[in-house]
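Under the numbering used here, the first residue of the sequence shown carries the number 23, and numbering increases by one thereafter.
C-beta atoms are modelled at their ideal positions from N, C-alpha and C, and glycine is treated no differently.
Predicted, not measured: the structure shown is a model, and the values here were computed from it.
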Amino acid sequence: MLYIQKTADWRESFLTVKNQAKNVTHKAEKSLDAREVTYFFEDRKVIDNVSLSFYPGKFYGIVGPNGSGKSTLVDLLVRHRKPKDGSVYYLGRDISLIPKNVLALEIALVPQNFYINFPFTAEEIISMGRYPHIPRFSQPAEEDRDIVRAIMAATETREFAPRFITELSGGERQRVVFARALAQDTPVLVLDEATSNMDVQYTLRMLDIVKKNVVAKKRTAIAVLQDINLAAMFCDELIFLKHGKIAANGAVDDILTAETVKQVFDVDVKAGFEQFSDSWQIIYKRPL
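Structural data, given as structure tokens:
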């Protein structure tokens with residue numbers, strides 16, 4: 023009973039903070055905040071004194087070479103890993119102190135890989151996104167079922183709703199897990215290379231759904247993406263990581279330069295605004 027009361031208190035506290043945020047400046051409305059975060063794998067430093075702030079109504083892209091610490095940073099932001107030094111805060115609260123069931127109402131993750139051996143149907147997996155909203159020992163309400171149906175339609179997963187998750191292709195499975203995170207309906211959505219197995223048309227559609235939610239509902243979205251041009255097309259800000267450190271970060275049109283890409287990836291590019299995609303893009307120079 024004490025644990026339940028503490029959980030209720032945490033949730034009420036979050037709602038109070040959100041209501042207060044409406045009356046303060048945008049600068050004070052941080053949702054996630056990493057402060058001087060460092061993380062080691064054994065004796066190897068993979069995240070090195072990283073400080074970042076994420077705000078509602080913005081879509082952030084994390085890019086960088088393989089091994090630069092992108093997925094590890096995501097794990098720290100969603101509390102899958104604990105920093106060796108520094109802390110991550112959600113609405114000003116140390117994320118390590120927030121009960122898991124409360125955090126599930128606030129932050130959703132679409133992982134790079136999703137493994138499950140039990141033959142749940144695709145619809146059952148998507149419906150799991152509603153679990154944090156359903157009281158213990160209760161059944162989903164009609165509202166929950168309506169949300170799941172709407173999300174399956176939007177993500178085009180309804181066609182394989184009755185199929186087992188173990189029977190789906192990698193891209194289909196990613197769409198199901200993406201839909202589950204949308205069903206969770208959280209203020210913060212984190213994507214860790216969540217479209218890596220999808221066909222290009224579904225990649226564009228899924229990221230467009232995220233972007234529209236960010237704008238319409240003032241959500242915070244954070245995505246690890248391998249494709250810099252894709253990140254530039256949908257994201258408001260880019261974070262370039264290299265060797266576990268922030269090499270550069272800022273608004274796409276400020277930060278996406280030939281110099282930045284050369285510094286981080288050691289490749290030669292041209293950067294500029296592309297009218298067809300309505301975004302800043304880069305063109306690679308083929309190695310000689």
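Query raised in the report: Going along the chain, which residues of its own chain have a beta-carbon closer than 8 Å to the beta-carbon of V199, five neighbours each way excluded?
Result: The residues V132, P133, F136, I147, A216, in chain order, have a CB closer than 8 Å to that of V199 in the same chain once the five nearest residues on each side in sequence are set aside.
Query raised in the report: Nearest to P157 by alpha carbon, out of N123, A172, R115?
Result: Nearest in C-alpha terms to P157, of all of N123, A172, R115, is N123.
Query raised in the report: Per DSSP, E259 forms a beta bridge with which residues?
Result: Per DSSP, Y82, A273.
Query raised in the report: With C-beta atoms as the reference, is G86 less than 8 Å away from K92?
Result: Result yes, Cβ atoms of G86 and K92 sit closer than 8 Å.
Query - Sequence-distant residues of the same chain with beta carbon closer than 8 Å to G193, five excluded per side - result: So the qualifying residues of the chain are N219, M220, D221, Y224.
Query raised in the report: What are the boundary residues of the alpha helix (DSSP H) that includes I169?
Result: 164-176 is the span of the alpha helix (DSSP H), which, as asked, contains I169.
Query raised in the report: What are the start and end residues of the beta strand (DSSP E) that includes L54?
Result: Residues 54-63.
Query raised in the report: What's the gap between the Cα of F142 and the Cα of M150?
Result: Roughly 10 Å between the two C-alpha positions.
Query - Contact belief for A273 with A293 at Cβ below 8 Å, rounded distance in angstroms - result: Beta-carbon to beta-carbon, A273 and A293 are separated by about 13 Å, too far to satisfy the 8 Å threshold.
Requested in this report: Would you kindly report the start and end of the unbroken alpha helix (DSSP H) that includes K92?
Outcome: 92-99 is the span of the alpha helix (DSSP H), which, as asked, contains K92.
Query raised in the report: Of the choices G108, V291, E64, whose alpha-carbon is the least far from that of A56?
Result: Of G108, V291, E64, the residue nearest in Cα terms is G108.
Query raised in the report: In this structure, does DSSP put A50 in helix, strand or coil?
Result: Summary for A50: the model assigns pLDDT 45, below 50, so the residue's position carries little reliability, and this model does not support an answer.
Query raised in the report: Excluding five sequence neighbours on each side, which residues of the same chain lie with their C-beta closer than 8 Å to the C-beta of R185?
Result: Excluding positions up to five away in sequence, the list reads T143, A144.
Requested in this report: Tell me, to the nearest whole angstrom, how far the beta carbon of L204 is from that of G83; I am working on the premise that it is less than 8 Å.
Outcome: No, L204 and G83 are not in contact; Cβ-Cβ is about 19 Å, not under 8 Å.
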